[in-house]
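*Asks:* Following my numbering, the numbering of the sequence shown begins with 247 at its first residue and continues without gaps.
One structure, as structure tokens, below. Some questions next.
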Amino acid sequence: MNIGLIGSGGREHAICQKIYESKLSKKIFCFPGNAGTAQIGKNIPVDILDFKKILKYIKAYKIDLVIVGPEEPLVKGLADYLRKYKIKVFGPSKFASKLEGSKAFMKKLCKTNNIPTAQFKICTNKTHISKFLKKSEMPIVVKADGLAAGKGVAICKTKKQVFKISNEIFNGKFKSSKKIVLEEFLKGEEASYFIIVDKKNFKFFGTAQDHKKVGENDTGPNTGGMGAYSPAKIIDKTIERKIINKIIKPTLNALKKKKKYYSGFLYVGLMIKKGEPFLIEYNIRMGDPECQVILPRLKSDFLKIIVNAVNNNLNQSVINWKKEKSMTIVLCSKGYPGNYKKYRLIKNIQKLKKTKNQIIFHAGTKNLNGNIFSNGGRVLNFTSLGLNFSNIRDQIIKQIKILNWKDGFFRSDIGWRVIKK
Ligand code: AMP
Ligand code: GLY
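If you want it as structure tokens, here you go:
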């Protein structure tokens with residue numbers, strides 16, 4: 247079958263690779279893709295929010311199934327739009343996408359269904375904020391209600407800061423948000439749990455831990471993710487049972503009760519505190535770079551699983567995983583997540599050894615006349631598999647040093663929680 251894949255990051259290159267390896271796939275069309283996806287699929291330069299144009303290409307190229315990587319087109323209704331034209335889509339509806347698209351929606355759903363999450367208040371003015379601050383201790387987490395490209399969350403140590411940041415959001419800092427959510431600060435260890443969902447069932451789709459801060463020892467501003475590893479050691483069988491029973495099942499059932507169904511990947515962002523999982527956030531997609539560590543561990547045919555999910559036959563899928571662990575380190579443009587230069591040549595990329603257990607996923611790259619250039623903040627993802635996280639990390643760093651890209655930087659401490667010095 248012909249597949250359409252929406253997105254252009256490392257996550258989409260990892261998805262593209264798995265589709266390419268599937269017996270079911272014929273051609274892959276990437277909207278718009280990157281230099282990595284161009285090697286195994288056809289890149290179509292198109293704005294991923296231009297639904298009409300995407301539909302035109304889907305028809306022209308006889309695409310049988312569309313897989314949506316990033317959240318924004320889903321939150322804006324791409325899956326509903328394409329389904330109206332009888333196109334098969336893997337990804338949640340606009341309504342279900344509110345789990346990520348509106349923090350207020352997600353928190354209200356948690357409250358109504360007794361799902362463990364941080365105490366919170368949805369605020370639309372200063373009085374609401376004052377009320378919450380009176381009964382809460384610092385720090386307080388301020389969140390813009392809508393999508394904010396990972397920049398909508400601030401952990402505030404003082405009340406003055408809470409008012410300042412809330413005001414910026416009320417005044418339109420993020421177009422998508424007129425409301426804010428104030429939250430109590432949860433102390434614990436963060437981990438992510440993934441599932442694949444259809445109308446009737448859901449199945450485990452891996453665990454991972456991400457490193458959001460730009461600097462070594464988790465310092466500096468937040469990024470989209472500087473590296474990840476899988477599995478997440480902290481999620482043992484007991485915690486997993488709690489995640490499923492206290493968080494996932496009540497959420498999916500709450501949607502079903504409204505006659506709304508979730509379908510697609512669901513990323514459950516958690517804080518584990520004294521053996522208890524608390525929901526920090528839902529993402530309605532795979533994580534980036536979590537996808538780049540989870541998919542290489544998948545043994546089963548990826549596309550077969552997706553096709554079963556789209557046809558609401560997920561119960562027919564047996565999902566098997568390799569015993570190897572995996573890690574990815576993100577090579578970024580110098581300056582990221584602030585200003586950085588684009589279109590820097592990445593010279594030595596052909597020198598890098600690629601094996602089954604040593605993979606390079608492209609993220610912000612572009613192929614111009616046969617040369618690979620950077621065109622984003624997160625540029626390349628170096629993924630390795632193995633039996634020992636410490637060896638895996640050493641292997642990755644060796645590769646990055648061979649590349650020796652003068653315009654890039656990376657974190658050398660990815661996996662510090664599972665690698666003892
Ligand atoms: P979010 O976009 O909701 O995932 O928030 C981004 C990051 O902020 C999370 O990955 C956490 O590290 C942190 N965070 C968000 N909410 C809380 C909270 N209530 N307590 C502690 N940390 C939080
Ligand atoms: N790595 C975090 C995310 O995908 O949102």
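Each residue gets a CB set at the ideal place from its N, CA and C atoms; glycine is no exception.
Would you list the residues whose beta-carbon is nearer than 5 angstroms to any heavy atom of the ligand GLY, in the order they occur in the chain?
*Replies:* Selection output, chain order preserved: D456, G471, G533 and D534.
*Asks:* Nearest to L501 by alpha carbon, out of F341, Q604 and K357?
*Replies:* Working through the sequence shown from its first residue, we reach residue 501 at position 255. Closest by alpha carbon: F341.
*Asks:* Residue range of the alpha helix (DSSP H) that V335 falls in?
*Replies:* Here residue 335 refers to the residue found at position 89 when the sequence shown is read from its first residue. Taken as a continuous stretch (DSSP letters only), V335 belongs to no alpha helix (DSSP H), being part of the beta strand (DSSP E) at K334 to F336.
*Asks:* Hey, quick one: how far does the beta strand (DSSP E) through T601 stretch, first residue to last?
*Replies:* Position 355 of the sequence shown holds residue 601. Where T601 is concerned, there is no enclosing beta strand (DSSP E), given that its DSSP letter is neither H nor E.
*Asks:* Would you list the one or two residues that DSSP bridges to R624?
*Replies:* Locating residue 624 in the sequence shown gives position 378, counting from the first residue. According to DSSP, which records beta bridges pairwise, R624 is partnered with C578.
*Asks:* Per DSSP, T465 forms a beta bridge with which residues?
*Replies:* What you label residue 465 is simply residue 219 of the sequence shown in a count that begins at 1. T465 is bridged to G461.
*Asks:* Check T404 in the structure and name its three-state DSSP category.
*Replies:* What you label residue 404 is simply residue 158 of the sequence shown in a count that begins at 1. Coil, per DSSP.
*Asks:* Tell me which same chain residues have a C-beta within less than 7 angstroms of the C-beta of I191, skipping the five on either side of it?
*Replies:* It is not possible to answer for residue 191, since the shown part of the chain is limited to 247 through 667.
*Asks:* Quick check on the burial criterion: 16 or more other C-beta atoms within 10 angstroms. Buried or exposed for T373?
*Replies:* Taking the first residue of the sequence shown as 1, we reach residue 373 at position 127. Result: exposed.
*Asks:* Taking just the CA atoms, how far does V553 sit from G661?
*Replies:* The sequence position of residue 661 within the sequence shown is 415, counting from 1. The sequence position of residue 553 within the sequence shown is 307, counting from 1. The alpha-carbon atoms of G661 and V553 are separated by roughly 33 angstroms.
*Asks:* Looking at V314: is its Cβ nearer than 9 angstroms to the Cβ of I333?
*Replies:* Here residue 314 refers to the residue found at position 68 of the sequence shown. Here residue 333 refers to the residue found at position 87 of the sequence shown. No; because the gap between Cβ atoms is not below 9 angstroms, this pair is not in contact.
*Asks:* Is E570 near the ligand AMP - that is, is its Cβ less than 8 angstroms away from at least one heavy atom of it?
*Replies:* For the purposes of this step, residue 570 is taken as the residue at position 324 of the sequence shown. No, the beta carbon of E570 sits no closer than 8 angstroms to any heavy atom of the ligand AMP.
*Asks:* Give me the Cα-Cα distance between K381 and K520, rounded to the nearest whole angstrom.
*Replies:* Mapped onto the sequence shown, residue 381 falls at position 135. Mapped onto the sequence shown, residue 520 falls at position 274. Whole-angstrom Cα-Cα distance: 24 angstroms.
*Asks:* Could you pull out every residue in the same chain whose Cβ sits closer than 6 angstroms to the Cβ of D547, ignoring the five residues on either side in sequence?
*Replies:* Working through the sequence shown from its first residue, we reach residue 547 at position 301. Excluding positions up to five away in sequence, the list reads S268.
*Asks:* Note the first and the last residue of the continuous beta strand (DSSP E) segment covering F275.
*Replies:* Numbered from its first residue, the sequence shown carries residue 275 at position 29. Start and end: I274 to P278.
*Asks:* Rounded C-beta distance between I274 and I249? I'm assuming under 8 angstroms.
*Replies:* The sequence position of residue 274 within the sequence shown is 28, counting from 1. The sequence position of residue 249 within the sequence shown is 3, counting from 1. Contact holds; Cβ gap of about 5 angstroms.
*Asks:* Give every residue of the same chain whose Cβ lies closer than 6 angstroms to the Cβ of I493, excluding the five residues on either side of it in the sequence, and list them in chain order.
*Replies:* Working through the sequence shown from its first residue, we reach residue 493 at position 247. Here the set comprises I361 and L525.
*Asks:* Since Q263 sits in a beta bridge, which residues does DSSP pair it with?
*Replies:* Position 17 of the sequence shown, counting from 1, holds the residue named residue 263. DSSP lists no partner for Q263.
*Asks:* Using only the heavy atoms of the ligand AMP, determine whether one of them is closer than 8 angstroms to the beta carbon of V678.
*Replies:* No information on residue 678 is available, as it lies outside the stretch 247 to 667 that the chain covers here.
*Asks:* Across which residues does DSSP place W567 in a beta bridge pair?
*Replies:* In the sequence shown, residue 567 corresponds to position 321, counting from 1. DSSP, once it has assigned bridges, lists L544 as partnering W567.
*Asks:* Output needed for F655: all residues of its chain with C-beta closer than 7 angstroms, excluding positions within five of it in sequence on either side, in chain order.
*Replies:* Residue mapping note: residue 655 aligns to position 409 of the sequence shown, counting from 1. Within the same chain, F655 has close Cβ partners C578 and K580.
*Asks:* Out of curiosity, what's the CA-to-CA distance linking K264 and I518?
*Replies:* Position 18 of the sequence shown, counting from 1, holds the residue named residue 264. Position 272 of the sequence shown, counting from 1, holds the residue named residue 518. Roughly 31 angstroms separates the two Cα atoms.
*Asks:* What residue range does the alpha helix (DSSP H) around S376 cover?
*Replies:* Within the sequence shown, residue 376 is the residue found at index 130, counting from 1. That run of the alpha helix (DSSP H) goes K372 to K380.
*Asks:* Cβ-heavy atom distance between G515 and the ligand AMP below 8 angstroms?
*Replies:* Taking the first residue of the sequence shown as position 1, residue 515 is located at position 269. Yes, the ligand AMP has a heavy atom inside 8 angstroms of this Cβ.
*Asks:* Quick one, which of I551, I648 and M532 has its alpha-carbon nearest S343's?
*Replies:* As a working note, residue 343 is residue 97 in the sequence shown. That would be M532, whose Cα lies nearest to the Cα of S343.
*Asks:* How do the region 533-546 and the region 565-573 stand: do at least 3 beta-carbon pairs fall below 8 angstroms, yes or no?
*Replies:* A contact exists between the region 533-546 and the region 565-573.
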